[in-house]
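Enquirer: Let me give you the structure first, and then I'll get to my questions.
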Amino acid sequence: MAKRKHTAYMTPGEQVAGTAFFVVYLVVLPFAAGPLFRLAGNLLGMVISDGLQNVLTYYILFAVSVIIFHGFLARTSRQLVENLGTACKAVAGGLVALYGLNELVYRLTNLLVGNRTNLNNTTVFAQIDAAPHVTILIVVFLAPFVEEVLFRGLVFGNLRTKSRLAAYAVSCLLFALLHVWQFAVVNQDITYFLLMIQYLVPGLVLAGVYDYSGTLWASIGLHAAANALSVWSML
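Residue numbering for the sequence shown follows numbering that gives the first Met the number 0, beginning at 0 and increasing consecutively.
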């Protein structure tokens, strides 16, 4: 059987610009977005609702991702066309692995942290109640695209050229950290970091799907499908 050709990774320019964007996204944005929108609202003489803030934030993130990574996205799109069957199998297998392993991990997490609430999930629930259409747009389409480009395309893809083990470990840990660190800081409770365990399986499966299929669109599709199923279960 012929060896499957893997997608081209990012150019040095994409890596530098993407790393700067990634740092802002992971560390700065969670705390800077609110004050910036309040400042903009004061200058415009209006109140920018939370729902509008969220969708504007993700539209900007989406646009910046396309601008920085347009070359990489074109290359990984060609890889999707060349390996469409493999990508579809990867997404289907990823869904099965994601839900099977997630159930085991959630049970383990409950044993470790008891009734500790996952505030990321609580925030999403509240946003769906307040602005369902906007939240579905973000959760199902915009967020999966941005997160996959950064965590799998940038972090995993470029580390994989040096060490596959490091690529899986670092991308999974950073993906898990994204979903809990700000809540641990705001609540001044380090036990929230234990909830990172719940995000290690999605990070691992999404990276595996990208690695196996050779195209980032496979992990974007899986991420979008998993989020859509989660949202559907909430409605």
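Where a beta carbon is used, it is the ideal one built from N, C-alpha and C, also for glycine. Quick caveat, the model's predicted, so the values are computed rather than measured.
Using beta-carbon positions only, say whether Leu20 and Ile67 come within less than 8 Å of one another.
Expert: According to the sequence as given, residue 20 is Phe; it is not Leu. Against a cut-off of 8 Å, the Cβ pair of Ile67 and Phe20 comes out as a contact.
Enquirer: If we ignore side chains and look at the alpha-carbon of each, how far apart do Pro11 and Leu221 end up?
Expert: 28 Å
Enquirer: Identify whether Val200 lies in helix, strand or coil by the three-state DSSP scheme.
Expert: helix
Enquirer: Quick test of your reading: Gln197 and Tyr105, contact by CB under 8 Å. State the CB separation rounded to the nearest angstrom.
Expert: 6 Å
Enquirer: Could you spell out the range, first to last residue, of the alpha helix (DSSP H) harbouring Thr32?
Expert: Reading off the sequence, residue 32 comes out as Ala, not Thr. Ala32 -> alpha helix (DSSP H) spans 28 to 43.
Enquirer: What do you get for Glu250, buried or exposed, if any count of 16 or more other CB atoms within 10 angstroms of its CB means buried?
Expert: There is simply no residue 250 to check, as the chain begins at 0 and stops at 234 in what is shown.
Enquirer: Going along the chain, which residues of its own chain have a beta-carbon closer than 7 Å to the beta-carbon of Tyr209, five neighbours each way excluded?
Expert: Arg151, Phe155, Leu215, Ala217, Ser218
Enquirer: Are the CB atoms of Ser64 and Phe144 within a distance shorter than 8 Å?
Expert: Closer than 8 Å, so yes.
Enquirer: Please report the distance separating the alpha-carbon of Ser229 from that of Ala16.
Expert: 32 Å
Enquirer: How long is the line joining the alpha carbons of Phe192 and His178, rounded to whole angstroms?
Expert: 9 Å
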